[in-house]
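Residue numbers (this note's numbering), protein chains in the order written: chain A, 1 to 449; chain B, 450 to 834.
Note sheet for the following structure.
Next up, the structure:
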C-alpha cells in the first residue's frame with residue numbers, strides 16, 4: 001500500500017454535518033451576523049451515498065442549518081458516486097428553466113469499508129458545496145453530457161455498512177477506463193471543443209494514475225488533471241468533483257475551460273468557462289479547501305478510527321442513556337438547527353436558548369429572533385469531563401460568550417484537550433450529538449478557530 | 450411578617466449509617482431513621498399528626514413514607530427541590546407547626562442511589578440543548594473560572610477534602626471514615642477537570658428524620674431540644690448559562706438564602722456569631738465558594754482561610770464537623786436533614802469525639818442544581834432562648 005493518509009470525519013461528524021460545514025463556508029456564514037433569511041436561494045440539493053437516512057431528507061435539515069427560507073425545494077440525490085454532478089446538473093437545469101434563482105448544491109460522503117480493506121485505506125471523508133445562479137457567475141456552463149451504463153462494479157446493498165466492488169481489472173477496464181473517455185469524447189464533440197482547449201480537469205476516480213489515464217485516452221494532456229487529494233484526503237466519493245473544483249477555482253484564470261466529470265453507473269461531463277467575475281471569489285472571505293486542509297489534525301490511532309466508525313463494540317458508560325423526543329425537537333427546530341436565540345427589544349440582552357421572560361429586564365415576549373450560528377465567541381469557562389458518556393473523552397463542556405452579547409453552554413469539538421484555555425477564540429459548528437429516540441440527534445458545538 | 454425564630458423546636462432526630470447500604474431498601478432506611486427519631490423524641494408514631502418526606506428520585510407521593518411506617522390516614526406530602534429537598538421538607542413542616550395546624554410533625558428524607566448500577570446520579574439528557582452536562586462537570590465550570598479569577602489551584606481544594614475526611618473519620622455513621630492526604634487528593638483519578646475523584650462527594654444511600662413541635666410544647670417531650678432560628682430558601686432564575694455577566698465564582702442563591710435566614714435569626718456578623726456550619730460540599734470547589742457566599746470571608750480569600758485552618762474542627766468556625774457530603778456521603782433527599790442531625794447533636798452536646806465547646810448557633814446550607822441554576826436552603830438552629 002502506498003504511503004499517505006486519508007481524511008477521517010471526527011466522531012461527531014457524518015455526511016450531513018460535513019455538507020453543512022461546506023455549505024456554511026460557501027454561503028459566507030462564517031463571517032458576521034446574519035439575522036435574515038437568505039432570500040435568493042430557492043433550492044438546496046444534498047448529494048451523498050451515505051446519508052444518515054434512507055427515508056427522511058437530509059436536505060430539509062440542512063436548509064435549517066443554512067437558515068434558508070421555508071419555501072425552498074430540497075432534494076437528496078443518492079445511490080451513485082455520480083450524485084454530486086447529478087445534483088449540479090439538476091440545479092443548473094432549475095436555474096436555466098427559471099424555477100430557481102440560486103441553488104445551493106452540497107455533496108458529502110463518509111463511506112464505510114471493511115476493516116483492513118483497500119477501501120478503508122483509500123476512502124476519505126469530505127464535502128463540497130457550490131452556489132449556482134444566473135447572474136455574476138464565476139464559471140459559465142458550456143456543455144453538459146450524461147450517459148448511463150449498467151455494470152455491477154461497485155455497490156452497497158441496503159443494510160450493508162460497507163461499499164463492495166468487483167475485481168479491479170474488470171472494473172477499471174470495462175468500467176471507469178471505458179466509460180469516462182466515452183463520455184468526455186461525446187461532451188467535447190457536443191460542445192465543439194478540442195481536447196487541447198481544456199485547461200483544467202476535475203473528476204472522480206479511484207486514484208490519480210487511473211484518473212489521469214482516463215483523460216489521456218480522450219486526448220487531454222494528463223497534466224491538466226487537478227490534484228484530487230487522493231494520497232492525503234482519499235477518495236471522497238460523491239464529494240470529490242465538488243471538492244476538487246472548489247480547490248481549482250482558487251487558482252483558475254478568466255477564459256480557462258474546466259472539464260468536470262464524474263463516474264458511477266455511467267458518467268457525467270460538464271464543461272465550464274471561467275468568467276472575469278472569478279476575481280470576486282477572491283475578494284470575499286471564504287475559507288475554501290486550502291483552509292480545511294491546513295486545519296486537519298492527525299488521528300494516529302487505528303483503534304480510535306474504528307471506534308469512531310462504530311466498528312468495535314464499546315462498554316457502555318454506567319449512565320442513563322440520553323432520550324429524545326421528536327416532538328420537542330420539532331418544536332425547537334429553529335433553536336436546535338438554526339441556532340436561533342432572541343434579543344430582548346426592551347433591554348437589548350441577547351439570549352440562548354430563547355427565553356420568553358427576559359433574564360435581564362424580565363420583559364415578557366419581547367424577544368426578537370437572532371441567529372448565533374455565524375458568531376464568534378470566547379471561552380468563559382470549561383471542564384474536561386470524563387464522566388459523561390462520550391466516544392472520544394473527555395467531553396469538553398464550555399461556557400462561551402458570543403461577540404455582540406449572549407452566552408451558550410455547549411460541547412467543544414475539534415479540540416486538543418490540553419490546549420483548551422479560558423479566553424480562547426471559538427466559532428460554531430453543526431455536529432451529531434448522539435443517537436437517541438431511535439434517530440440521530442444533531443446540534444451545534446463550539447470549536448477553536 | 451412575623452419572624453419564624455424560636456417558634457419551632459426539633460425534639461428528636463434520626464439518621465441511618467450513610468454508605469453503600471446493599472442490605473437495606475429505601476423502606477428499611479426510612480424505618481431505621483424514623484424509629485431513631487421517635488425514640489430520641491420520646492414519641493410514638495401514632496402521635497404524629499402530619500408528615501413531610503423528601504426524595505429526589507427514590508419514591509413518589511406521601512405514600513413513600515406512610516407505607517413503610519404504616520402511618521394511618523394522616524396528611525403526608527412528598528417534597529422535591531433538587532439536592533435541597535431534605536431541608537425544604539423541614540421548612541414546609543415548620544410552617545405548618547408555626548401556623549398551629551399541627552403540634553407534632555415528622556420530617557423524613559431519603560435516597561437509594563446504589564440500586565441503580567449507575568455512576569453518579571440517575572437521569573439523562575433529554576435534549577441536545579445542554580447535553581453533556583454532569584454534576585461534577587457543572588461544578589468544574591466554577592472551579593476553572595475560580596482558579597482563573599483568583600490564581601489558586603487544586604491544592605486548596607485538596608485541603609478541603611482532607612479536612613472533611615478527617616472529620617468523617619470521627620463519625621461512625623459516615624460513608625467514608627478514613628483520613629486522606631493532600632497528595633492522595635491531588636493524584637486521584639480525574640472526573641471532570643479540575644475535579645478529581647476526591648473532590649467529589651460519593652454516591653450514597655441513606656435516610657434521616659426529624660420530629661418537630663411548637664417551641665412552647667417542646668419541654669413536654671424532652672429537655673434537650675433545639676429551635677429553628679431562621680429558614681431561608683432562594684430559588685434562582687437559572688440564567689447563569691444564558692447571562693454573559695454571570696461569574697461562576699459566587700452563587701447568588703446562597704447569598705440570598707442566607708440573607709433571609711440571617712435576618713430572621715438576627716445575625717449581622719456571621720463569622721463571629723455562628724458557632725459551626727454544615728455546608729453543601731458536593732464538590733470541594735462548592736465548599737470554597739460557600740465560605741465566601743455565606744459571608745464567612747471576603748470573595749477570593751477562601752483559600753487563605755483554608756490554609757490557616759479557619760474551618761477545621763478546632764478552627765475559628767468549624768465547617769462540616771461530621772465530614773460533610775464529601776465524607777458522610779450524599780443520599781440526596783436525606784442530606785439536608787443529615788446536616789441538621791449534626792447541628793442538633795452539636796447544640797445538644799452529643800457529638801462525641803467531634804463535640805465543639807458549647808456551640809450556640811449552627812448553620813446548615815443545602816444546595817441543589819448547578820452553578821448558574823440553583824435552589825438553596827439555609828437553616829439556622831440554636832439552643833433555645
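Just so you know, even glycine gets a beta-carbon here, dropped at the ideal spot from N, CA and C.
Cβ-Cβ distance between residue i and residue j below 9 angstroms
i: residue 796(B); j: residue 784(B); result: no
i: residue 383(A); j: residue 592(B); result: yes
i: residue 398(A); j: residue 340(A); result: no
i: residue 556(B); j: residue 602(B); result: no
i: residue 76(A); j: residue 432(A); result: no
i: residue 293(A); j: residue 129(A); result: no
i: residue 747(B); j: residue 828(B); result: no
i: residue 24(A); j: residue 441(A); result: no
i: residue 691(B); j: residue 336(A); result: no
i: residue 499(B); j: residue 674(B); result: no
i: residue 45(A); j: residue 104(A); result: yes
i: residue 589(B); j: residue 268(A); result: no
i: residue 396(A); j: residue 415(A); result: yes
i: residue 111(A); j: residue 4(A); result: no
Residue i, enclosing alpha helix (DSSP H) - first and last residue
i: residue 675(B); result: From DSSP, residue 675(B) is part of no alpha helix (DSSP H) but of the beta strand (DSSP E) over 675-684.
i: residue 604(B); result: 603-617
i: residue 292(A); result: 288-294
i: residue 792(B); result: 781-796
i: residue 457(B); result: Where residue 457(B) is concerned, there is no enclosing alpha helix (DSSP H), although the beta strand (DSSP E) it sits in stretches over 457-464.
i: residue 330(A); result: 326-331
i: residue 236(A); result: Residue 236(A) -> no alpha helix (DSSP H), and no H or E assigned at all.
i: residue 120(A); result: 118-122
i: residue 775(B); result: 773-777
N- and C-terminal bounds of the beta strand (DSSP E) containing residue i
i: residue 401(A); result: 395-402
i: residue 521(B); result: Careful: residue 521(B) lies outside any beta strand (DSSP E) and carries neither H nor E.
i: residue 182(A); result: First-last for residue 182(A): 177-191, but that is the alpha helix (DSSP H), not the beta strand (DSSP E).
i: residue 135(A); result: No beta strand (DSSP E) holds residue 135(A); DSSP gives it neither H nor E.
i: residue 823(B); result: 822-831
i: residue 74(A); result: 73-77
Neighbourhood of residue i by C-beta, 8 angstroms cutoff - its chain only, sequence neighbours within 5 removed
i: residue 414(B); result: A query on residue 414(B) cannot be resolved here, the shown segment of chain B reaching from 450 to 834 and no further.
i: residue 714(B); result: 454, 678, 679, 810, 829, 831
i: residue 1(A); result: With a pLDDT of only 42 at residue 1(A), under 50, the local geometry of the prediction cannot be trusted, and no value is derived from it.
i: residue 303(A); result: 312
Counted within 10 angstroms of its Cβ, other Cβ atoms place residue i as buried (16 or more) or exposed
i: residue 136(A); result: exposed
i: residue 15(A); result: buried
i: residue 753(B); result: exposed
i: residue 39(A); result: exposed
i: residue 463(B); result: buried
i: residue 169(A); result: exposed
i: residue 648(B); result: buried
i: residue 344(A); result: buried
i: residue 509(B); result: exposed
Beta-carbon proximity list for residue i, same chain, < 7 angstroms, skipping 5 on both sides
i: residue 469(B); result: 563, 654
i: residue 618(B); result: 626, 627, 628
i: residue 181(A); result: 214, 217, 218
i: residue 57(A); result: 74, 76
i: residue 252(A); result: 200, 258, 274, 278
6 angstroms CB neighbourhood of residue i in its chain, flanking five on each side removed
i: residue 270(A); result: 144, 260
i: residue 199(A); result: 256, 257
i: residue 460(B); result: 490, 660, 662, 667, 670, 671, 674
i: residue 159(A); result: none
Residue i beta carbon near the ligand FAD (any heavy atom closer than 8 angstroms)
i: residue 286(A); result: Among the ligands in the structure shown, none appear at all, so the ligand FAD cannot be discussed.
Residue-level contact to chain C via CB, residue i, 9 angstroms cutoff
i: residue 384(A); result: Considering every chain present, this structure includes no chain C. Its protein chains are A and B.
Worksheet item: Relative to chain B, which residues along the region 302-333 of chain A have a C-beta separation below 9 angstroms, given in chain order?
Response: 317, 318, 319, 320, 321, 322, 323, 324, 325, 328, 329, 332
Fill in: the region 734-759 of chain B: positions lying closer than 7 angstroms to chain A by Cβ
Hits within the stretch: zero.
Discussion item. Please list, in chain order, the residues of the region 179-203 of chain A that have any C-beta partner in chain B closer than 9 angstroms.
Written reply: none
Worksheet item: Mind listing which residues of the region 355-372 of chain A have their C-beta closer than 8 angstroms to chain B's C-betas, in chain order?
Response: Flagged, chain order: 355, 359, 360.
Worksheet item: Of the residues that make up the region 543-576 of chain B, which ones have a beta carbon closer than 8 angstroms to any beta carbon in chain A?
Response: 566, 567, 568, 569, 571, 572, 573, 574, 575, 576
Practice prompt. Below 7 angstroms between beta carbons is the criterion; list the residues of the region 585-609 of chain B that meet it against any residue of chain A, in chain order.
Written response: Within the region 585-609 of chain B, the residues whose Cβ lies closer than 7 angstroms to some Cβ of chain A are 585, 586, 589, 590, 593, 594, 597, listed in chain order.
Worksheet entry | Positions along the region 668-700 of chain B whose CB lies within less than 8 angstroms of some CB in chain A | 686, 688, 690, 691, 692, 693, 695, 697
Discussion item. To be precise: take each residue of the region 506-535 of chain B, compare its Cβ to all Cβ atoms of chain A, and keep it if any distance is under 9 angstroms. Which residues remain?
Written reply: Residues of the region 506-535 of chain B with a C-beta atom less than 9 angstroms from some C-beta of chain A do not occur.
Item to complete: Could you list the residues in the region 93-115 of chain A with a C-beta less than 7 angstroms from some C-beta on chain B, going in chain order?
Response: Shown here is that no member of the region 93-115 of chain A has a Cβ falling below 7 angstroms from a Cβ of chain B.
Item to complete: Could you name the residues of the region 344-355 of chain A whose beta carbon sits closer than 9 angstroms to any beta carbon of chain B, in the order they occur along the chain?
Response: Interface annotation for the region 344-355 of chain A against chain B: 349, 350, 351, 352, 353, 355, criterion Cβ-Cβ distance under 9 angstroms.
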